[in-house]
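2 protein chains.
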Amino acid sequence: MATERTDPLTVEVVELIGDVVARYYTEYEQAAAKHSLTGVQARVLGLLATEPTPMRRIAQKLRCEPSNITGIVDRLEARGLVERRPDPYDRRVKIAAATEEGMGTARRLRESLDFAREPLAQLTDEERRGLRDLLRRMLGAGAPAVP
Amino acid sequence: MATERTDPLTVEVVELIGDVVARYYTEYEQAAAKHSLTGVQARVLGLLATEPTPMRRIAQKLRCEPSNITGIVDRLEARGLVERRPDPYDRRVKIAAATEEGMGTARRLRESLDFAREPLAQLTDEERRGLRDLLRRMLGAGAPAVP
DNA sequence: TATTGTTATACTCTATAACTATA
DNA sequence: TATAGTTATAGAGTATAACAATA
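So the protein sequences, as listed, match chains A and B.
Heads up: the first sequence begins at 0 in numbering that gives the first Met the number 0, then just goes up one per residue.
Heads up: the second sequence begins at 0 in numbering that gives the first Met the number 0, then just goes up one per residue.
And the structure:
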């Protein structure tokens, strides 16, 4: 059902969320660029640093077509940050995984994302818990995530 | 200064913010696609629906190179959603503005962005005020915005 | 001289469709 | 036959550099 809330307070909060999103996204791109990575390359590298993943699965997580992953992994592989491994149980499948160097780059990238962490540090534990519960509710209200 | 907060609660909140950003971004792109617009085109149209803007200023707001705006406005103009007007005070400047049709598209686009508004409706006014203040603090803590 | 918008170029990301090698 | 990954293609967004018109 369409929820009708057009009071000034709600409108302001919606706009603020849009601002936070734009800000977060911009800073993520800039952090990636400092490592000579595009935003998408950084996202894939971060994914593979957490867990080696079949090509198709990467596409699902990024919500894009599988054919696009080929090129993205190609470019990461050409820089020695990622490698393709065979799947011992299905010879059609290729599992992309971060190399040692890729793991290091992913870690430095993660640590440089201070935008969210810094202002959060100004909050009390109580406020942080409140924010956490609020965000959970926002995320739980709609479509399912792709884990 | 680098703020060191790596306790589980802060880490979880940072991850949740990342999730909200990803979710917001995805839904924005989908809403734009329903009007046969790319995300960037939708952003520019939304900007021009609020206020006619010189080409260079659009680039500043989007934080990209001015040369890119030419093509984006070209495509919006080809569809009759935007038009270029001369600046009476400086003949070098072209002011991009939404047409009547563009205003309508921008309005429908705005109204279809329910992701943020719906879960927000579940909160009390008190909670909404708390969230607003929190988001303001987050946005105020870092680099200056481009108004 | 400096600035505005544009053009030209190269690269990346994207979806679509067709291909290959496996299953 | 169905699926995983790839290739080929076309469109869009991006940065860089060079250009014409105007300030």
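Every residue gets a Cβ at the ideal spot worked out from N, C-alpha and C, and that includes glycine.
Identification of chain B residues near A/Met137 by a Cβ-Cβ cut-off of 7 Å yields Val19, Pro118, ordered along the chain. Shown here, A/Glu126 sits in a helix according to DSSP, grouped into three states. The Cβ atoms of A/Thr52 and A/Leu46 lie closer than 8 Å to each other. Around the beta carbon of A/Tyr23, 16 or more other beta carbons sit within 10 angstroms, so the residue counts as buried. A/Val81 has A/Ala97 as its beta-bridge partners, per DSSP. Residue range 7-33 is occupied by the alpha helix (DSSP H) that includes A/Tyr24.
In the three-state reduction of the DSSP assignment, B/Pro65 falls in the helix class. DSSP places A/Pro53 in the strand class (E or B) of the three-state scheme. By the CB criterion at 8 Å, B/Glu126 and A/Leu15 fall outside the cutoff. Under the 8 Å criterion on CB atoms, B/Gln59 is classed as non-interfacial with respect to chain A.
Not a single CB atom of chain A sits nearer than 8 Å to the CB of B/Gln40. Put simply, the CB of A/Leu46 is far from chain B, with every gap to its CB atoms at 8 Å or more.
Interface with chain B (8 Å Cβ-Cβ cutoff): A/Tyr88 is excluded.
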